[in-house]
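Undergrad: Using the numbering used here, read the sequence shown as starting at 371 and increasing by one per residue. C-beta atoms are modelled at their ideal positions from N, C-alpha and C, and glycine is treated no differently.
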Amino acid sequence: MTNPAPTFVKGLAGVVAAQTALSSVDGTKGILTYRGLNIHDLAGNVEYEEAAYLLLFGSMPTTTQLAKFKKDLAANRKLPKGILDLIKSTPKKAVPMDTLRTAISALAFYEKEVDDISVEATRRKGIRLVAQFPSVVAAIHRARKGKAVVSPKANMGHAENFFYMLHGVKPNTLETDSMNLYLVLLADHSLNASTFTARVASSTNADLHAAVTAALGALKGNLHGGAAEATMNTLLKIGALDKVDGYVDNAFATKQKIMGIGHRIYKSGDPRAKHLLEQARKMEEAEGKKHNYVDMALGVESAVLRHRELYPNVDFFSAPLLYYLGIPTDLDTCVFAVSRIAGWTAHVVEQYIDDALIRPAAQYVGPTDQTFVSVAERK
Ligand SMILES: CC(C)(COP(=O)(O)OP(=O)(O)OC[C@H]1O[C@@H](n2cnc3c(N)ncnc32)[C@H](O)[C@@H]1OP(=O)(O)O)[C@@H](O)C(=O)NCCC(=O)NCCS
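#1: Could you tell me whether any non-hydrogen atom of ligand 1 is closer than 8 Å to the CB of residue 629?
#2: Helix, strand or coil for residue 396? Go by DSSP, reduced to three states.
#3: Would the region 505-521 count as touching the region 446-454 if we require 3 or more Cβ pairs under 8 Å?
#4: Just to confirm, are residue 650 and residue 663 a CB contact at a threshold of 9 Å?
#5: Ligand 1 and residue 622: does the residue's C-beta get closer than 8 Å to at least one heavy atom of that ligand?
#6: Can you tell me where the alpha helix (DSSP H) with residue 751 in it begins and where it stops?
#7: Curious, which full-length alpha helix (DSSP H) runs of at least 4 residues does the region 695-743 contain?
#8: Should residue 737 be labelled buried (16 or more other beta-carbon atoms within 10 Å of its own) or exposed?
#9: Determine the DSSP secondary structure at residue 408, reduced to helix, strand or coil.
#10: Taking residue 689 as the reference, which of 599, 521 and 534 has the closest Cα?
#11: Taking only beta-carbon atoms, is residue 749 less than 9 Å away from chain D?
#12: Run through DSSP, which three-state label would residue 682 get?
#13: Assess, as a yes-or-no matter, whether the region 679-698 is touched by the region 585-604 under the definition of 3 or more beta carbon pairs within less than 8 Å.
#14: Near residue 581, what residues of its chain come up, given a Cβ to Cβ distance below 6 Å and the 5 sequence neighbours on each side ignored?
#15: Below 8 Å, can you find three or more Cβ-Cβ pairs linking the region 615-631 to the region 497-507?
#16: Since I believe residue 395 is in contact with residue 560 (beta carbons under 8 Å), could you give me their beta-carbon distance rounded to a whole number of angstroms?
#17: Does ligand 1 have even one heavy atom less than 8 Å from the beta-carbon of residue 678?
#18: Look up residue 631 in the DSSP assignment and say whether it is helix, strand or coil.
#19: Could you have a look at residue 468 and say whether DSSP puts it in helix, strand or coil?
#20: Confirm the yes/no value for this check: CB of residue 402, any heavy atom of ligand 1, distance under 8 Å.
#21: Compute the distance between the beta-carbons of residue 707 and residue 586, then report whether it is under 9 Å.
#22: At a cut-off of 8 Å, is residue 508 close to ligand 1 when judged by its beta-carbon and the heavy atoms of the ligand?
#23: Measure the alpha-carbon distance for residue 630 versus residue 749 and round it to whole angstroms.
#24: Report yes or no: do three or more beta-carbon pairs, one from the region 690-704 and one from the region 654-663, lie closer than 8 Å?
#25: Say yes only if the C-beta of residue 516 is nearer than 8 Å to one or more non-hydrogen atoms of ligand 1, and no if none qualify.
#26: Does DSSP put residue 378 in a helix, a strand or coil?
#27: Given the structure, does residue 565 come close to ligand 1, in the sense that its CB is under 8 Å from one of the ligand's heavy atoms?
#28: Shorter than 8 Å, the distance from the beta carbon of residue 707 to the closest heavy atom of ligand 1, or not?
#29: What do you get for residue 632, buried or exposed, if any count of 16 or more other CB atoms within 10 angstroms of its CB means buried?
#30: Using the C-alpha atoms, what's the distance from residue 674 back to residue 577?
#31: Using a Cβ-Cβ cut-off of 7 Å (strictly less than) and excluding sequence neighbours within five positions of residue 344, which residues of its own chain qualify?
#32: If you draw a straight line from the alpha carbon of residue 379 to that of residue 728, how long is it in whole angstroms?
#33: So is the beta-carbon of residue 603 under 8 Å away from any non-hydrogen atom of ligand 1?
#34: So, with DSSP's three-state summary, where would you put residue 574?
#35: How would you write the range of the alpha helix (DSSP H) that residue 661 sits in, first residue to last?
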């Protein structure tokens with residue numbers, strides 16, 4: 371008996387392509403967990419370092435484990451001179467995600483365990499990358515503005531340090547909390563496109579830096595990580611609250627997608643959105659309501675729902691939150707990567723343990739039975 375031909379599923383929608391013990395996503399009920407812990411319990415209650423440790427090592431760190439983890443991060447934040455020179459020599463107009471992808475790939479030159487794909491070495495390299503990502507993104511931000519790169523401070527936490535290296539000033543508590551919340555919420559999300567890419571690359575026994583470089587390529591697009599930048603650009607383009615309805619109506623009439631809206635898995639709302647909305651609101655109020663991007667975003671949400679049942683995803687309210695954190699829109703996707711490096715590394719570790727090449731089949735739909743004609747006789 372022959373097996374029936376496998377069915378083609380466009381975009382692999384609904385296809386279960388991996389098993390993971392990292393994060394679970396219930397799209398119907400709108401539930402996200404990291405290793406069984408509900409994101410609502412983690413949001414606002416943990417530091418990014420704790421979430422990253424949870425993903426990398428499987429359980430929440432004890433006080434001692436957390437202190438050691440923070441010490442390891444602090445020891446690895448400084449970038450090799452070659453990477454700083456590379457970032458500084460990049461054209462000022464380069465797209466930050468292109469510079470980030472190139473710099474992370476180049477970090478492999480300086481990684482002493484680059485080819486060791488054992489679980490232990492991959493975790494060690496992952497910790498180094500978690501530490502290095504904010505330093506790289508901050509250096510990109512400053513170098514292209516012609517500003518001096520700011521060195522990390524050993525006595526600052528991950529979120530605080532990142533803000534400090536970006537802006538050269540110590541953040542206040544609200545800014546630190548906002549950055550931390552963002553980083554916690556985006557640290558992992560099941561088999562999203564960039565994580566799948568990282569798993570595909572590592573399934574060939576390629577090393578962590580190769581897998582993460584591939585993941586960065588997938589994160590860049592506006593259907594995935596690029597959506598926050600696209601959302602903020604939309605809000606800036608709309609410009610005023612009374613223009614929101616007209617913009618959304620026109621987008622539906624002309625079949626344009628509204629960025630930051632809709633999700634492959636969540637069909638009743640993204641649980642991360644409410645935390646980002648609340649934090650963006652706090653930031654907006656703290657700056658004295660100079661802008662009203664949160665109200666505009668809420669206006670877009672309501673206007674979309676008048677057309678069809680589509681809800682904001684994680685990138686939607688990230689957009690104003692990152693804006694209020696002083697992040698230029700074209701750096702948003704890089705900031706996403708600063709968080710997701712923990713999830714990518716943990717998935718690569720899972721993939722090495724799983725030890726199976728990811729190589730799906732394709733359905734051939736091209737011409738058949740063609741007659742070969744030599745080059746001299748071709749017309
Ligand atoms: C995320 C996304 C790619 C999910 O796509 P998907 O799972 O393939 O969803 P579908 O394309 O099946 O969407 C179902 C319907 O809603 C529409 N839709 C989905 N997202 C939409 C959006 N943002 N704006 C307008 N319409 C949208 C689709 O066009 C489709 O319409 P149809 O039934 O008439 O063909 C999609 O919602 C999207 O492009 N969103 C904007 C980009 C974004 O925010 N990405 C970040 C995701 S975290």
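TA: Taking the definition as stated:
#1: yes
#2: strand
#3: yes
#4: yes
#5: yes
#6: The chain is shown from 371 up to 749; residue 751 falls before or after that span and cannot be answered.
#7: 702-724
#8: exposed
#9: strand
#10: 599
#11: No chain D appears in this structure, which consists of one protein chain only.
#12: strand
#13: yes
#14: 568, 571, 572 and 718
#15: no
#16: 5 Å
#17: yes
#18: strand
#19: helix
#20: no
#21: yes
#22: no
#23: 49 Å
#24: yes
#25: no
#26: coil
#27: no
#28: no
#29: buried
#30: 43 Å
#31: Since the first residue shown for the chain is 371 and the last is 749, residue 344 is missing from the structure and cannot be characterised.
#32: 16 Å
#33: no
#34: coil
#35: Where residue 661 is concerned, there is no enclosing alpha helix (DSSP H), given that its DSSP letter is neither H nor E.
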